[in-house]
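First to last, the sequence lines map onto chains V, L, S and D. Using the working numbering, you'd call the opening residue of the first sequence number 1 and step up by one each time. Using the working numbering, you'd call the opening residue of the second sequence number 364 and step up by one each time. Using the working numbering, you'd call the opening residue of the third sequence number 727 and step up by one each time. Using the working numbering, you'd call the opening residue of the fourth sequence number 1090 and step up by one each time. Virtual Cβ for every residue (Gly too), placed ideally from N, Cα, C. Worksheet for the structure shown next.
Number of protein chains: 4
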Amino acid sequence: MSGIWGKNIKLSIFGESHGKAIGIVIDGLPSGIKLDHEYISKEMKRRAPGRSKTATPRKEGDNYEILSGYFNGRTTGTPLSAAIYNTNQRSRDYEATKSIMRPGHADYTGHVRYSGFNDYRGGGHFSGRLTAPLVFAGAIAKQILSNKNIVIGSHIKSIGDIEDRSFDGVNIEASLLKELTGKEFSVIDPEKGKEMKDYILKIKEEKDSVGGVIEAAVVNLPRGIGSPFFDSVESKLSHLLFSIPAVKGVEFGAGFDITKMKGSSSNDELYIRKEEISAYSNNNGGIVGGITNGMPIIFRVAIKPTPSIGKLQRTVDIEKGINTEIEIEGRHDPCIVPRAVPVIEAVCAVALIDLMMEKGGLI
Amino acid sequence: MSGIWGKNIKLSIFGESHGKAIGIVIDGLPSGIKLDHEYISKEMKRRAPGRSKTATPRKEGDNYEILSGYFNGRTTGTPLSAAIYNTNQRSRDYEATKSIMRPGHADYTGHVRYSGFNDYRGGGHFSGRLTAPLVFAGAIAKQILSNKNIVIGSHIKSIGDIEDRSFDGVNIEASLLKELTGKEFSVIDPEKGKEMKDYILKIKEEKDSVGGVIEAAVVNLPRGIGSPFFDSVESKLSHLLFSIPAVKGVEFGAGFDITKMKGSSSNDELYIRKEEISAYSNNNGGIVGGITNGMPIIFRVAIKPTPSIGKLQRTVDIEKGINTEIEIEGRHDPCIVPRAVPVIEAVCAVALIDLMMEKGGLI
Amino acid sequence: MSGIWGKNIKLSIFGESHGKAIGIVIDGLPSGIKLDHEYISKEMKRRAPGRSKTATPRKEGDNYEILSGYFNGRTTGTPLSAAIYNTNQRSRDYEATKSIMRPGHADYTGHVRYSGFNDYRGGGHFSGRLTAPLVFAGAIAKQILSNKNIVIGSHIKSIGDIEDRSFDGVNIEASLLKELTGKEFSVIDPEKGKEMKDYILKIKEEKDSVGGVIEAAVVNLPRGIGSPFFDSVESKLSHLLFSIPAVKGVEFGAGFDITKMKGSSSNDELYIRKEEISAYSNNNGGIVGGITNGMPIIFRVAIKPTPSIGKLQRTVDIEKGINTEIEIEGRHDPCIVPRAVPVIEAVCAVALIDLMMEKGGLI
Amino acid sequence: MSGIWGKNIKLSIFGESHGKAIGIVIDGLPSGIKLDHEYISKEMKRRAPGRSKTATPRKEGDNYEILSGYFNGRTTGTPLSAAIYNTNQRSRDYEATKSIMRPGHADYTGHVRYSGFNDYRGGGHFSGRLTAPLVFAGAIAKQILSNKNIVIGSHIKSIGDIEDRSFDGVNIEASLLKELTGKEFSVIDPEKGKEMKDYILKIKEEKDSVGGVIEAAVVNLPRGIGSPFFDSVESKLSHLLFSIPAVKGVEFGAGFDITKMKGSSSNDELYIRKEEISAYSNNNGGIVGGITNGMPIIFRVAIKPTPSIGKLQRTVDIEKGINTEIEIEGRHDPCIVPRAVPVIEAVCAVALIDLMMEKGGLI
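Right, dumping it as structure tokens:
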């Protein structure tokens, strides 16, 4: 249990951090789509560890191998599957401490859920590494969207208390979004970016970790995507976003701040110009009644601090049934937020093509 | 498109605000469950309009009629369906202004989504009235949970800037939750409740509206419910929560605030006492790796201000293709938050029994 | 459990034979479809009892009431639901014998499945009466197909040993199919039809029952509908066909007889004429690799004899835990086949529009 | 599109005959199940080519590699995936004739369905080779069932006109079923088996092919598995059975022959002995109202002659848009029936565990 999502596009992910391979089957892709492998690899690298001082120095190739659904440079329309073989595992790291539950990790809940049969090495199936296949799927989805001029981009809105500028919900430019996806540390304000990085390194020194908020936007999406209630854009997007390990909050448009407005401000008043209807504001984040209104989609995602920290923590040894303490050794990210940026974009892209196929929008 | 949710329990809602009836089919309920109609009616009344000065004076019976799946006072195990017949519609209210899109409402997006064939009267299928069947389903789900001593409760965490006390994520009592569900205006601190009510009435005078935050909690839920990734408790819950009209944000545990903590604080350290494992804190809101850890589930939901306001707003007449203005007449809620409280609890209850059935927990 | 089917079109049926109402929610219908109520009623009447001497004399109105999803004469695109209220129940008939399991009926299996909480009156949810909502859905689906010139028709291929002519799998005409759907007793050869009717009446005299085979055909369906494996046309169609009570066999094209051919005969050789590819034969029933090839779809369905018979049968009293005997009184069909004809066509129509939406064929 | 099936157990198959690998992701397996690899390999070999003179001499290793969901000899409960790498392809065989549509194959329908982007080599995703992952999944499902003493077995009921004895629907023994699964050529009557083999070899000489019927049985299944209508045992089983390439008919119990009986014979009369209810006959094949009644499940599946034959056939060259002829060279099965036997059993086993999990039967 865990691995299938979607209606028109179905994702089936599999794998454990220290198993043979992780991977994905994507069912429902249209046939005839050219894949730009350079682009996919670039997206995979954005997520991959070992690229920066603010991330874990672990090196993982994250090289995908397409196993099916791809022929002569194009999708066939039959299930496209890809595997990422695990190569750089140090499983012995985990054997000694396998019964000591790491706080903030799924060690304990996974143990209960799977009656002790879960692969505990490196978090097993719960590992953030499982987001690599999601980025692979997202890279394909982004190419499909890009063919329709739809652009997704995101930035690190905050790390701890340090805040980047916000997206302008009404006038956001595709060019800014594209620029952001090219950045190694995705912020609008480079000054704030430097502050954030310094802060992360300081936290790393403390053997501690820190979280942050990612803000994402989508422009040029057609009006009328999504449905009321159970297939609302917010429902489908949040479902996938909360699947990403470490996500603890999701908000659209003005989000929680909308609760402090009055209706006369929060309502996005409409106007028509050259037969096209737009809104003066975008507090609803481009989605009203669960359906896109043609304004940019805007949402924010709260990412908790990496649970793996070097500091001493109180916890439990489930085999011995005693209280104990743990200092987590190893090569961990002091802040997972920068590496989560492409994952957020990826699941957003997948959710959108699933929703667009509902109205035949991809065909 | 819109109306089906769930895996083990499947909800299929239908209806329009001014149609013949709204209703629901619930597929997958175990057989043999006694229904307490007094309780169901009480839950329906919590949501129903016309009960208080802070809500719309519209009277809607919200009397459900069970059409199937119920025999000799118990569920049969076959699809349980219920209809709520619409009785108090004034459809003529809407005919004159049908082409004038109300800002913040789904008038425009619904028009685009359904190519102009949507029932525009009173919001049609997009109406908040469609949450009545959800409350019906939730009342049954709550009874099932209650049989297992699992209690859901919630309160109005804030209206505008006025804040109620927060739940104590570690020590929350079932008795408090039960008490809250009995209240007509659900707050922990009655002083703050009075302030909120006064504020809502003031806003009503201004022909404006206001939103708020609802905080919900679940206690006594078994450990090990939920799955990683696509069937995480957060994913399933948020999917349903964002289906509720007007919800723009969802967060679990410390939510967006967790991004300002360090890992050494945000990690919920564990301890064992009398063979039972618990956590010292509950920043993860009772869910780690998508799975319950035995701590109370805590989440908050942002509800936007009611879009229907009497103030003058700029908008579009889609038939004439011109810019225009609108003052929405009629009997509207200045604040939907109090009536949304039982809806939040209802979808939470439904999501939980769906998740619990995954592990055979209801059988 | 029981009531939801489909991907693009989702059916959710509910109800019990002697409950308040039976009905259906149809999710996913396109908006803007005009409904021809005269046609729907005619289809409902084809299935309804009390129309002929070969059927039960019970009178059931089978009048549907649309509750939602329908506005100004057209579908809205939101869930369309309809109820058929039960009016002519004689529940007392069943009370006395409720613990005596009728052979061939679901009395015993339903009792086990639902732990004795099932509504046993008139078969409850297992009643053939539940096919009325399917015919309602099918009538809508047929209208959608008819707008695209796609025609479904079927006939009684056999009753007992009496056989009607078979469809010509290659040259079948839409006009014949339309003609058949207009018949009260649907056969190609009226002589054989008379024989069948006489036989049914003779069996009725004997207080016994008889079954038969229905052969259905679909013409003018586009090529390329369906998918390999789990979404093959055969898989989707058979799934729905075997949902119909009393169906015990389904075969496509030459069906079981294809096993007696050699490949050189069973392979449908292809030819091209005026840029259109066709086949010389149609042993595959218009479906190869799970996908339509442009030839007529042909399939046959085996319907077992009505289980309700007046003859003495051995069975079990589950309350007393003893062996006993039963003579089923009441107004039963000596042969359900004629009334099953529109049901077969209905589920076929629904399956086809679900499959066609996969490729955007309805949009 | 094509590759996902199931509710409690979800299968996601992928791959093309001449691609990198074929494989499967199985989601929803309980944790802690020991896998007997010797048994799995044996099942895979039953399906694999190259084992007998009546089958293709092609050698395919069909060695599976488990990529995830398996740890320390047991299932983890997270998605179990396996790949079978393709090693013995001769893709050049297909390049020259890629535009010539082989009659009876999915060349033409696949071409239309996927707009010409399908992998045409060796049938691509339509290849019977894709049943290998199904057998892998079935082998696991059979082990789960075997732990509960549930046994599935089947035999070649007929090849062309040559018929094996039928199963005794009432008294079938688990020992017979086990014995059959151990046979290289699965028949009850060895004389008939010899006749069948001789016939297949004769047909092979003629460069032709032949089909047959497989009869399967399941014993010791609990009563009360399945649901009415859309989740009937017949619906779920037939859905999977018709997913298998070459299947053109499915019937349960007496199947099409039940249409020639009278109700007084076809109804399976019940009796009680030592508190256990059984039936005197089994014309319903162990399923009444879509639900198991404790009698053996019996069903038969019609398999068409292998479409690949060496004889001259008329067909179409879709590139040139002309009529042409084809003689299919290569190493093909003159009769696929013997190799289909384990596939039928496999999908049956998977369908049953999916259905059993509905009632918590596996937990």
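In whole angstroms, what separates the C-alpha of residue i from that of residue j?
{"i": "residue 378 of chain L", "j": "residue 850 of chain S", "result": "26 Å"}
{"i": "residue 746 of chain S", "j": "residue 438 of chain L", "result": "14 Å"}
{"i": "residue 1072 of chain S", "j": "residue 1022 of chain S", "result": "17 Å"}
{"i": "residue 1145 of chain D", "j": "residue 1398 of chain D", "result": "12 Å"}
{"i": "residue 682 of chain L", "j": "residue 222 of chain V", "result": "20 Å"}
{"i": "residue 268 of chain V", "j": "residue 170 of chain V", "result": "10 Å"}
{"i": "residue 1089 of chain S", "j": "residue 1060 of chain S", "result": "Residue confidence is low: residue 1089 of chain S scores 42 on pLDDT, short of 50, so the model does not pin down where it sits. Its coordinate-derived value is still stated next. Their backbone Cα atoms lie some 43 Å apart in a straight line."}
{"i": "residue 1444 of chain D", "j": "residue 266 of chain V", "result": "49 Å"}
{"i": "residue 1402 of chain D", "j": "residue 1189 of chain D", "result": "11 Å"}
{"i": "residue 1003 of chain S", "j": "residue 25 of chain V", "result": "33 Å"}
{"i": "residue 872 of chain S", "j": "residue 760 of chain S", "result": "12 Å"}
{"i": "residue 5 of chain V", "j": "residue 51 of chain V", "result": "30 Å"}
{"i": "residue 45 of chain V", "j": "residue 173 of chain V", "result": "25 Å"}
{"i": "residue 304 of chain V", "j": "residue 94 of chain V", "result": "23 Å"}
Looking only at C-alpha atoms, which of the options sits nearest to residue i?
{"i": "residue 1153 of chain D", "options": "D:1248, D:1419 and D:1137", "result": "D:1137"}
{"i": "residue 1169 of chain D", "options": "D:1209, D:1205, D:1127 and D:1100", "result": "D:1100"}
{"i": "residue 1195 of chain D", "options": "D:1241, D:1335, D:1120 and D:1303", "result": "D:1335"}
{"i": "residue 417 of chain L", "options": "L:557, L:525, L:484 and L:711", "result": "L:557"}
{"i": "residue 914 of chain S", "options": "S:882, S:886 and S:887", "result": "S:882"}
{"i": "residue 591 of chain L", "options": "L:403, L:387, L:721 and L:434", "result": "L:721"}
{"i": "residue 181 of chain V", "options": "V:70, V:340 and V:69", "result": "V:340"}
{"i": "residue 527 of chain L", "options": "L:554, L:512 and L:493", "result": "L:554"}
{"i": "residue 1219 of chain D", "options": "S:1053, S:956 and S:734", "result": "S:956"}
{"i": "residue 624 of chain L", "options": "V:41, V:307, V:31 and V:111", "result": "V:307"}
Measure the beta-carbon distance from residue i to residue j and round it to whole angstroms, keeping in mind my assumption that it falls under 8 Å.
{"i": "residue 1440 of chain D", "j": "residue 1329 of chain D", "result": "5 Å"}
{"i": "residue 321 of chain V", "j": "residue 299 of chain V", "result": "That belief does not hold up - the Cβ atoms of residue 321 of chain V and residue 299 of chain V are roughly 43 Å apart, past 8 Å."}
{"i": "residue 175 of chain V", "j": "residue 154 of chain V", "result": "Not really, about 15 Å apart at Cβ, beyond 8 Å."}
{"i": "residue 1378 of chain D", "j": "residue 852 of chain S", "result": "5 Å"}
{"i": "residue 1017 of chain S", "j": "residue 950 of chain S", "result": "6 Å"}
{"i": "residue 878 of chain S", "j": "residue 1074 of chain S", "result": "6 Å"}
Quick check on the DSSP output: the beta strand (DSSP E) that includes residue i runs from which residue to which?
{"i": "residue 516 of chain L", "result": "514-522"}
{"i": "residue 499 of chain L", "result": "Careful: residue 499 of chain L lies outside any beta strand (DSSP E), inside the alpha helix (DSSP H) at 494-509."}
{"i": "residue 1301 of chain D", "result": "1301-1308"}
{"i": "residue 738 of chain S", "result": "736-741"}
{"i": "residue 543 of chain L", "result": "Counting along the chain, residue 543 of chain L falls outside any beta strand (DSSP E), though it belongs to the alpha helix (DSSP H) covering 537-544."}
{"i": "residue 1362 of chain D", "result": "1359-1362"}
Between which two residues does the alpha helix (DSSP H) carrying residue i extend?
{"i": "residue 811 of chain S", "result": "Where residue 811 of chain S is concerned, there is no enclosing alpha helix (DSSP H), although the beta strand (DSSP E) it sits in stretches over 806-811."}
{"i": "residue 437 of chain V", "result": "The requested residue 437 of chain V is not part of the displayed model; chain V covers only 1 to 363."}
{"i": "residue 252 of chain V", "result": "It is not in any alpha helix (DSSP H) - residue 252 of chain V instead sits in the beta strand (DSSP E) that spans 247-252."}
{"i": "residue 713 of chain L", "result": "700-721"}
{"i": "residue 1329 of chain D", "result": "1322-1330"}
{"i": "residue 476 of chain L", "result": "470-476"}
Q: Can you give me, in chain order, the residues of the region 1291-1313 of chain D that have a beta carbon less than 7 Å from any beta carbon in chain S?
A: If you check each beta-carbon in the region 1291-1313 of chain D against every beta-carbon of chain S, the ones closer than 7 Å belong to 1292, 1297, 1298, 1299, 1300, 1301, 1302, 1312 and 1313.
Q. Which of the residues in the region 295-316 of chain V, read from start to end, lie with their CB under 7 Å from any CB of chain L?
A. For chain L, the residues of the region 295-316 of chain V that bring a beta carbon within less than 7 Å of one of its beta carbons are 302, 303, 304, 305, 306, 307, 309, 311, 313, 314, 315 and 316, in chain order.
Q. Mind listing which residues of the region 857-868 of chain S have their C-beta closer than 7 Å to chain L's C-betas, in chain order?
A. Cβ contacts with chain L come from no residue of the region 857-868 of chain S.
Q. Using Cβ-Cβ distances below 9 Å, what residues of the region 1182-1198 of chain D are close to chain S?
A. Within the region 1182-1198 of chain D, the residues whose Cβ lies closer than 9 Å to some Cβ of chain S are 1190, 1191, 1192, 1193, 1194, 1195, 1196, 1197 and 1198, listed in chain order.
Q) Mind listing which residues of the region 1148-1170 of chain D have their C-beta closer than 9 Å to chain V's C-betas, in chain order? A) Taking 9 Å as the Cβ-Cβ cut-off against chain V, the residues of the region 1148-1170 of chain D that qualify are 1154, 1155, 1156, 1157, 1158, 1159, 1160, 1161, 1163, 1164, 1165, 1166, 1167, 1168, 1169 and 1170.
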